[in-house]
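Asks: One structure, as structure tokens, below. Some questions next.
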Amino acid sequence: MAGEARVVAALGRRSVRQAFRRPQFLAPIIVFPTLFLAVNTGGAGRAVDLPQFPPVHGFLDFQLAGAMLQSTMLAGVSAAIALALDIQIGFVDRLVAAPIARASFVLGRLVATGVLGLISGLWFLTIGLIFGAHIAAGVAGFVVVLVLVTLNAIAWGTIGAALALNTGSPSVAQGVFPIVFVILFLSSAFFPEGLLLEPAKTIANWNPMSLIADGLRDPIISDLSLDKTLEGLAGIAIVASIGAILCARGVNKKLRSA
Amino acid sequence: MAAIEVRGLERRYSDEVLAVAGIDLEVSEGEIYAFLGPNGAGKTTTVRMLVTLLQPTGGTARVAGFDVVREAPSVRRSIGVALQEAALDPLMTGRELMRLQGTLHGLPSDEGRRRGDALLERVGLSLAADRRVGTYSGGMRRRLDLATALVHDPTVLFLDEPTTGLDPVSRIAIWDEVRRLNDDGTTVFLTTQYLEEADHLADRVGIIDNGKMAAEGTPGELKSQVGIAHLEVVIAAGESAKAGEILERFGVPMPARDGRLMVGLPRGAADVAPIVRALDEAGCAVEALELVQPTLDDVFVEKTGRHLEGAADQQHPEQQPAVEEPVSG
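Spelled out as structure tokens, the structure:
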């Protein structure tokens, strides 16, 4: 068990290093969501005056959750591309031919995605605070946001790993980028659910990303609420469960056809 | 105990595609066994089954005493694997990769570091150890791949086309390292499409074609199955008849072509010097003379009815022009 933990940690370190050494893996996690946050906040700041908009200190406070969700979802897609590249160059074969548990190479990638999610959370909360956002729930809220962001990154890492294992193609994984935006816009990540038009409103109501967005946003715009945090965790659990099932199928497929 | 024991091994991808069609082979401990065949013959599929990356659809295989299906983890602990594509992460440094490989094989950190550094030194990559693998040449990558396969001191080493695409100098460096490893007691199973590689390195050669074993034996045994060495001589005009009589004293005349005389030599190269002396004493002017040994390509042609793909690109080491200049006249 300790041996496998050491393997997972070593593979996680390798994946984090890989992200920092290949800018195209890091850019979608930090640069794109930051630019999106800047443009969105600067251009649509008056949205907070709309009648059904929840009470917030500023539009930036509201948008931070969306930026962090976007960042962690893209971290999952980047993980998919990185894992698909590993499959393509045969690096996964090196791992499969070693005496380690089959799940270790996926778990190592998930650990790395979690670390990148944590970095993303720290980045967005820091720039948020610098540019005038408030964390209404204080230090405890700050910690809850970081935990949820990290777990969400891991959940999307499972989706990414499933994508890579089932397709083995970096270009297919890359093609998923636009879908991230569709999923996010059809949730409460960037706008309150009550302000969305049908059918987007109904879809957002069923979209687990809305649960996660609300859970992430809650400590930023109001006092900590256990219900909202649990809702966020439930949303993450739904994503992670889908990812884990597809991932297990992908690992079996990879091992059968390797 | 055989290091590798294969019985009726088969891999079927679909009803139409039978990549490996029930092969048998046995590799003794301490042997270098070359698996020779053209692209698509089934070499890599066989290796992938033996290293537990692919499940056989029929037959059995034991490596280092363990069944590749039922005891796959024990097989993985016993073997070193360097696959065809040199599966190295271009963003890692050589040293990082060696340490990771040590961790994958359960070596404690200190031991992994020590063994990694020693192996980098052994394959001549110490100076490049902290450079990213993406900056390495093809030969350096192959040597690093070989070093990673050795980090846990495996008893059986699998090398899938270890020198494909390498320049001659890098190829020889890999061969030297493989020989050293074998001298240290490691059993080596290598696939290759290079006749020269199989001939120079291997104790025994298995020829695979269309997923089936076409022939197996030592390079000498295989070559002896397809005939004896022969001498091709080009004689100055008007002296062929006299030269032919002399050649007949040394061996069996063979059908000549392009004005050449050919004679089969039961004693091989040992007959060349006496023949040259006899021709010289008889006043026959020899314009060119070439000793031609049977090659593994001849074996391949004999067994499969066609040449090994790419064989023409290689210099056949056995075909040594014994004399380039006229030796008499």
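The listed protein sequences correspond, in order, to chains W and B. So the number in the numbering used here is just where the residue sits in the first sequence, counting from 1, plus 30. So the number in the numbering used here is just where the residue sits in the second sequence, counting from 1, plus 10. We treat Cβ as the ideally placed atom computed from N, Cα and C, and that holds for glycine.
1) Rounded to whole angstroms, what's the CA-CA distance from G73 (chain W) to F220 (chain W)? Just pull it up for me.
2) Measuring only between beta-carbons, confirm whether P63 (chain W) sits less than 8 angstroms from chain B.
3) Give me whichever residues DSSP pairs with T197 (chain B) in a beta bridge.
4) Taking the continuous alpha helix (DSSP H) assigned at M223 (chain B), which residues delimit it?
5) Under 8 angstroms Cβ-Cβ, which residues of chain B neighbour R36 (chain W)?
6) Assign Q94 (chain B) to buried or exposed, taking buried as 16 or more other Cβ atoms, counted over all protein chains shown, within 10 Å of its Cβ.
7) Using 10 angstroms around the beta-carbon of L65 (chain W), count the other beta-carbons present and answer buried if the total reaches 16, otherwise exposed.
8) Can a CB atom of chain W be found closer than 8 angstroms to the CB of G116 (chain B)?
9) In angstroms with no decimal places, state the Cα-to-Cα distance between A295 (chain B) and V244 (chain B).
10) Using 8 angstroms as the limit for Cβ to Cβ distance, is L125 (chain W) near chain B?
11) Run through the DSSP bridge pairs and tell me what P263 (chain B) is partnered with.
12) Could you tell me if L178 (chain W) is buried or exposed, where buried requires 16 or more neighbouring beta carbons within 10 angstroms of its beta carbon?
13) With a CB to CB cut of under 7 angstroms and the five nearest residues on each side skipped, what residues in its chain are close to D281 (chain B)?
14) Measure from the alpha carbon of A157 (chain B) to the alpha carbon of each residue in B:F168, B:R181 and B:G126, then state which is nearest.
15) Flag this pair as yes or no: are the beta carbons of P172 (chain B) and I184 (chain B) separated by less than 8 angstroms?
16) Is P378 (chain B) buried or exposed, if buried means 16 or more other CB atoms sit within 10 Å of its CB?
17) Round the Cβ separation of N196 (chain W) and R279 (chain W) to the nearest angstrom and send it over; I've been treating them as touching at under 8 angstroms.
18) If you draw a straight line from the alpha carbon of R190 (chain B) to that of T197 (chain B), how long is it in whole angstroms?
19) State the DSSP-derived secondary structure class of A74 (chain B), mapped to helix, strand or coil.
20) Could you check the C-alpha separation between A166 (chain W) and G88 (chain W) for me, to the nearest Å?
21) Grab me the residues of M150 (chain B)'s own chain with a C-beta within less than 7 angstroms of its C-beta, minus the 5 sequence neighbours each way, in chain order.
22) As a quick exercise: from W:M239, W:P129, W:I117 and W:Q100, pick the residue whose alpha carbon is nearest that of R86 (chain B).
23) Would E207 (chain B) and A13 (chain B) be called neighbours here (beta carbons separated by less than 8 angstroms)?
24) Specify the secondary structure class of I189 (chain W) as computed by DSSP and reduced to three states.
25) Between I14 (chain B) and chain W, is the shortest Cβ-Cβ distance under 8 angstroms, so that the two count as touching?
26) Would you call the stretch 225-235 of chain W and the stretch 251-264 of chain W touching, i.e. three or more CB-CB distances under 8 angstroms?
27) Can you give, in chain order, each stretch of the alpha helix (DSSP H) that sits fully within the stretch 61-138 of chain W and has at least 4 residues?
28) Using the Cβ count rule (16 or more neighbours within 10 Å means buried), how would you classify D25 (chain B)?
29) Is the CB-CB distance between A71 (chain B) and L19 (chain B) below 8 angstroms?
30) Buried or exposed: where does D120 (chain B) fall if 16 or more other Cβ atoms within 10 Å of its Cβ makes it buried?
31) Tell me the DSSP secondary structure of L246 (chain W) in three-state form.
32) Taking N182 (chain W) as the reference, give the member of W:G171, W:G144, W:F207 and W:A274 with the closest Cα.
33) Between the alpha carbons of I250 (chain W) and V169 (chain W), how many angstroms are there, rounded?
34) Excluding the five sequence neighbours on either side, which residues of its own chain have a C-beta within less than 7 angstroms of the C-beta of S240 (chain W), listed in chain order?
35) Examine chain B for any beta-carbon lying closer than 8 angstroms to the beta-carbon of G144 (chain W), and answer yes or no.
36) Could you tell me whether the Cβ atoms of L146 (chain W) and A49 (chain W) are closer together than 8 angstroms?
Replies: Taking the geometry as given:
1) Here residue 73 (chain W) corresponds to residue number 43 of the first sequence, with the count starting at 1. Here residue 220 (chain W) corresponds to residue number 190 of the first sequence, with the count starting at 1. Each residue's alpha carbon lies about 13 angstroms from the other.
2) Position 33 of the first sequence, counting from 1, holds the residue named residue 63 (chain W). So, not an interface residue.
3) Within the second sequence, the letter at position 187 stands for residue 197 (chain B). Paired residues: B:V166.
4) Taking the first residue of the second sequence as 1, we reach residue 223 (chain B) at position 213. Unbroken run through M223 (chain B) is the beta strand (DSSP E), K222 to G227; no alpha helix (DSSP H).
5) Your numbering for residue 36 (chain W) matches position 6 in the first sequence. Chain B residues near R36 (chain W): T113.
6) Reading the second sequence from its first residue, position 84 is the one you call residue 94 (chain B). Its Cβ being crowded by 16 or more others within 10 Å, Q94 (chain B) is buried.
7) On the first sequence, residue 65 (chain W) is found 35 positions in, with the first residue counted as 1. L65 (chain W) is exposed by the Cβ-count criterion.
8) For the purposes of this step, residue 116 (chain B) is identified with residue 106 of the second sequence, where counting begins at 1. Judged by the 8 angstroms Cβ criterion, G116 (chain B) is in contact with chain W.
9) As a first step, residue 295 (chain B) must be located in the second sequence, where it is residue number 285. As a first step, residue 244 (chain B) must be located in the second sequence, where it is residue number 234. So the alpha carbons of these two residues sit roughly 9 angstroms apart.
10) In the first sequence, counting from the first residue as 1, residue 125 (chain W) sits at position 95. True, the Cβ-Cβ gap to chain B drops below 8 angstroms.
11) For the purposes of this step, residue 263 (chain B) is identified with residue 253 of the second sequence, where counting begins at 1. According to DSSP, which records beta bridges pairwise, P263 (chain B) is partnered with B:V273.
12) Here residue 178 (chain W) refers to the residue found at position 148 of the first sequence. Answer is buried; the Cβ neighbour count reaches 16.
13) Position 271 of the second sequence, counted from the first residue, corresponds to residue 281 (chain B). Correct list, in chain order: F260, G261 and L275.
14) Along the second sequence, read from residue 1 onward, the residue named residue 157 (chain B) stands at position 147. Of B:F168, B:R181 and B:G126, the residue nearest in Cα terms is B:G126.
15) As a first step, residue 172 (chain B) is located in the second sequence; it is residue number 162 there, counting from the start. As a first step, residue 184 (chain B) is located in the second sequence; it is residue number 174 there, counting from the start. Contact flag set, yes.
16) This structure leaves residue 378 (chain B) out entirely; chain B is present only between 11 and 339.
17) Numbered from 1 along the first sequence, position 166 holds the residue referred to as residue 196 (chain W). Numbered from 1 along the first sequence, position 249 holds the residue referred to as residue 279 (chain W). So it is a contact: roughly 7 angstroms between Cβ atoms.
18) Position 180 of the second sequence holds residue 190 (chain B). Position 187 of the second sequence holds residue 197 (chain B). Rounded to the nearest angstrom, the two C-alpha atoms are 11 angstroms apart.
19) Numbered from 1 along the second sequence, position 64 holds the residue referred to as residue 74 (chain B). Correct three-state label for A74 (chain B): coil.
20) Reading the first sequence from its first residue, position 136 is the one you call residue 166 (chain W). Reading the first sequence from its first residue, position 58 is the one you call residue 88 (chain W). So the two alpha carbons sit approximately 12 angstroms from each other.
21) Stepping through the second sequence from its first residue, residue 150 (chain B) is reached at position 140. Hits under 7 angstroms: L135 and A138.
22) Here residue 86 (chain B) refers to the residue found at position 76 when the second sequence is read from its first residue. Here the closest residue by C-alpha is W:P129.
23) By one-based count along the second sequence, residue 207 (chain B) stands at place 197. By one-based count along the second sequence, residue 13 (chain B) stands at place 3. Not in contact: E207 (chain B) and A13 (chain B) (Cβ atoms no closer than 8 angstroms).
24) Reading the first sequence from its first residue, position 159 is the one you call residue 189 (chain W). Of the three classes helix, strand and coil, the one that applies to I189 (chain W) here is helix, per DSSP.
25) For this step, residue 14 (chain B) is matched to residue 4 along the second sequence. Chain W contact via Cβ: absent.
26) no
27) 89-119 and 121-126
28) If you number the second sequence from 1, residue 25 (chain B) lands on position 15. Exposed.
29) The count along the second sequence starts at 1 and reaches residue 71 (chain B) at position 61. The count along the second sequence starts at 1 and reaches residue 19 (chain B) at position 9. Taking 8 angstroms as the Cβ cut-off, A71 (chain B) and L19 (chain B) qualify as a contacting pair.
30) Your numbering for residue 120 (chain B) matches position 110 in the second sequence. When all chains shown are included, D120 (chain B) counts as exposed.
31) Translated into positions along the first sequence, residue 246 (chain W) becomes position 216. Helix, per DSSP.
32) Your numbering for residue 182 (chain W) matches position 152 in the first sequence. Among W:G171, W:G144, W:F207 and W:A274, the Cα nearest to that of N182 (chain W) is on W:G144.
33) For the purposes of this step, residue 250 (chain W) is identified with residue 220 of the first sequence, where counting begins at 1. For the purposes of this step, residue 169 (chain W) is identified with residue 139 of the first sequence, where counting begins at 1. Rounded to whole angstroms, I250 (chain W) to V169 (chain W) spans 10 angstroms at the Cα level.
34) The count along the first sequence starts at 1 and reaches residue 240 (chain W) at position 210. For S240 (chain W), where only same-chain residues beyond five positions count, the Cβ hits under 7 angstroms are S217, S218, E223 and A234.
35) Your numbering for residue 144 (chain W) matches position 114 in the first sequence. No, G144 (chain W) does not count as interfacial toward chain B.
36) Within the first sequence, residue 146 (chain W) is the residue found at index 116, counting from 1. Within the first sequence, residue 49 (chain W) is the residue found at index 19, counting from 1. Yes, Cβ-Cβ distance for L146 (chain W) and A49 (chain W) is below 8 angstroms.
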